[in-house]
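Below you'll find the structure, written out as structure tokens, and then a few comments.
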Amino acid sequence: AQKITQTQPGMFVQEKEAVTLDCTYDTSDQSYGLFWYKQPSSGEMIFLIYQGSYDEQNATEGRYSLNFQKARKSANLVISASQLGDSAMYFCAMREGRVNFNKFYFGSGTKLNVKP
Amino acid sequence: NAGVMQNPRHLVRRRGQEARLRCSPMKGHSHVYWYRQLPEEGLKFMVYLQKENIIDESGMPKERFSAEFPKEGPSILRIQQVVRGDSAAYFCASSQTSQLNYGYTFGSGTRLTVV
Chain A
1 AQKITQTQPG MFVQEKEAVT LDCTYDTSDQ SYGLFWYKQP SSGEMIFLIY QGSYDEQNAT
61 EGRYSLNFQK ARKSANLVIS ASQLGDSAMY FCAMREGRVN FNKFYFGSGT KLNVKP
Chain B
117 NAGVMQNPRH LVRRRGQEAR LRCSPMKGHS HVYWYRQLPE EGLKFMVYLQ KENIIDESGM
177 PKERFSAEFP KEGPSILRIQ QVVRGDSAAY FCASSQTSQL NYGYTFGSGT RLTVV
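Structure (structure tokens):
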């Protein structure tokens, strides 16, 4: 089974609107971390936000927030007030706390296009 | 404070040649990870190294691929006798801890094209 599933290959959003990028995960570990990375066309991987499995509050970092629904095993990224510079690939990733904790498992990504 | 430096950014090799990819971790980071990104896919773990030690190579192909992180100098990912299927982006990441909540810093990647 896939560890991380991103079902939206591509998304469009109007500038200044909010957008949600979906991510579901699969693990039997109780302790794990969920991450989102941004990959612009230049290719580098930029860390955006982290959510721990024991965190009760949803993580927020500026315009990024993570909608964490543990029972549904989902960790959706919400970008508020989209900007043209947000156009990029977005990857959801997970590290498991007990086994394989040194590995990131990445989803296949969502390409976000922000329209002016 | 330089980030993770990878070179070259782009590498073209003919089938059968060797490819050497270099990664200099961030200052103070002693953990290095290599990932491969095939076109239209997410990154896949290859290997995790600490200075002079391979800790986890469960994602490395059994043949032709090797990695090292010597006491001095960058980490090297070496691919011998490259084939077309090795064409991909190879990313290196580094960290100073393996703590779970730590988002590793990735380099900009090396894009390998095998012709």
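As you go down the protein sequences, you meet chains A and B in turn.
For the first sequence, the positions run 1 to 116 when the working numbering is used.
For the second sequence, the positions run 117 to 231 when the working numbering is used.
Note that CB positions come from ideal geometry on N, CA and C, so glycine has one too.
In this text the structure is predicted, and so the values were computed from the model without any measurement.
Anything in chain A within Cβ reach of residue i, meaning under 8 Å, just list it in chain order.
i        : result
Gly132/B : Those do not exist, as Gly132/B stays about 27 Å from chain A at its closest Cβ, beyond 8 Å.
Phe207/B : Met45
At a CB-CB cut-off below 7 Å, which residues of chain B make contact with residue i?
i       : result
Gly85/A : Simply none; closest approach about 17 Å.
Tyr25/A : By Cβ distance, chain B contributes nothing, its closest Cβ being about 13 Å from Tyr25/A, past 7 Å.
Phe35/A : Gly219
Of the choices the options, whose alpha-carbon is the least far from that of residue i?
i        : options                                : result
Arg200/B : Glu168/B, Met162/B, Arg129/B           : Arg129/B
Ile195/B : Met121/B, Ala209/B, Arg131/B, Arg125/B : Arg131/B
Glu61/A  : Tyr50/A, Lys70/A, Gln14/A              : Tyr50/A
Lys143/B : Val230/B, Glu188/B, Ala204/B, Thr226/B : Glu188/B
Phe185/B : Ala205/B, Asp202/B, Ala209/B           : Ala209/B
Arg63/A  : Asp55/A, Gln69/A, Ser80/A              : Ser80/A
Gln14/A  : Asp86/A, Ala59/A, Phe106/A             : Asp86/A
Glu44/A  : Leu228/B, Ala205/B, Lys167/B           : Ala205/B
Ala135/B : Trp150/B, Phe161/B, Phe181/B, Gln215/B : Phe181/B
Ser42/A  : Met89/A, Val114/A, Gly10/A             : Met89/A
Leu77/A  : Ala59/A, Leu84/A, Asp29/A              : Ala59/A
Phe161/B : Lys3/A, Asn113/A, Lys115/A             : Lys3/A
Ala71/A  : Lys16/A, Phe47/A, Thr24/A, Gly10/A     : Thr24/A
Ser53/A  : Leu34/A, Pro40/A, Phe47/A              : Leu34/A
Pro155/B : His145/B, Ser203/B, Thr213/B           : Ser203/B
Gln83/A  : Gln39/A, Pro40/A, Glu17/A              : Glu17/A
Tyr149/B : Phe222/B, Lys178/B, Gln215/B, Arg227/B : Phe222/B
Gln197/B : Gln133/B, Leu228/B, Leu127/B, Lys167/B : Gln133/B
Label residue i either buried or exposed according to how many other C-beta atoms from any shown protein chain fall within 10 Å of its C-beta, with 16 as the threshold for buried.
i        : result
Arg152/B : buried
Ala1/A   : exposed
Asn169/B : exposed
His147/B : buried
Phe12/A  : exposed
Gly219/B : buried
Pro124/B : exposed
Asp26/A  : exposed
Lys103/A : buried
Val231/B : exposed
Thr213/B : exposed
Asp6/A   : Going by the sequence as given, residue 6/A is Gln instead of Asp. When all chains shown are included, Gln6/A counts as buried.
Pro141/B : buried
Using the beta-carbon of each residue, which ones in chain A are nearer than 9 Å to residue i?
i        : result
Ser224/B : Ser42, Gly43, Glu44, Met45
Throw me the rounded Cβ distance for the residue i and residue j pair, which I believe falls under 8 Å.
i        : j        : result
Gly97/A  : Tyr32/A  : 5 Å
Ile171/B : Ala183/B : About 11 Å; that fails the 8 Å criterion.
Leu159/B : Phe106/A : 5 Å
Along chain A, which residues have their Cβ under 7 Å away from the Cβ of residue i?
i        : result
Phe161/B : Lys103, Phe104
Gly158/B : Phe91, Phe106, Gly107, Ser108, Gly109
Check your understanding: According to a CB-to-CB cut-off of less than 9 Å, which residues of the region 60 to 73 of chain A neighbour chain B?
Key -> none
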